[in-house]
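Participant:
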Amino acid sequence: MMAAFAMKALENEPVERSEWREALDMIAQLMNGSPLDTYINSMPGYRPYWIIRTSDSQHTEKMEHILNVAQIQTRRWWETPLNEMSAFASLPYIGGQIGKKLSQTLIGLPIFRGITKEELRFIYERISDIE
Numbered sequence: 002m003m004a005a006f007a008m009k010a011l012e013n014e015p016v017e018r019s020e021w022r023e024a025l026d027m028i029a030q031l032m033n034g035s036p037l038d039t040y041i042n043s044m045p046g047y048r049p050y051w052i053i054r055t056s057d058s059q060h061t062e063k064m065e066h067i068l069n070v071a072q073i074q075t076r077r078w079w080e081t082p083l084n085e086m087s088a089f090a091s092l093p094y095i096g097g098q099i100g101k102k103l104s105q106t107l108i109g110l111p112i113f114r115g116i117t118k119e120e121l122r123f124i125y126e127r128i129s130d131i132e
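In our numbering, the protein residues as written are 2 to 132.
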């Protein structure tokens, strides 16, 4: 039964891969020439991430607030640095402030299969003028 389910799911794989690639390509076009620091994974496979790096925690909080007011969900990419997670707390930490900085400055923006240029532009217009 599980094998049949998996085989059926794989039938749609080329379509899904194409839809993810289309969404990522639209973001890449939108961000081309933008002063915003973005991560769009261009590797093959399913990595549907639109991540913005802000200059500091104040900019991140401002971006989160503006998007929240516009009813756009965001996600802190690394909300808690690894060295602060209980699973890793007993291990030696050699990362300096890198984890803390990443947790304060990386924000995930919405991306999904079927997202439209208009929806992406709406998100981009909210964040493009944040100073």
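Beta carbons are placed, not taken as given, at the ideal position from N, Cα and C, and that holds for glycine.
Just verifying my parser: in three-state terms, what is the DSSP assignment at R18?
Facilitator: In the structure shown, R18 adopts helical secondary structure according to DSSP, grouped into three states.
Participant: Going by DSSP, which residues form a beta bridge with W51?
Facilitator: I41 and L110, per the DSSP bridge assignment.
Participant: From this set, T106, I41, R22 and R122, which residue's C-alpha is nearest E80's C-alpha?
Facilitator: T106
Participant: Between I160 and Y50, is the Cβ-Cβ spacing less than 8 Å?
Facilitator: Residue 160 lies beyond the residue range present for the chain, which begins at 2 and ends at 132; the question has no answer from this structure.
Participant: What residue does the alpha helix (DSSP H) around E65 start on, and which one ends it?
Facilitator: S58 to V70
Participant: Could you say which of I128, I28, A4 and Q98 lies nearest to G115 if we only look at CA atoms?
Facilitator: I28
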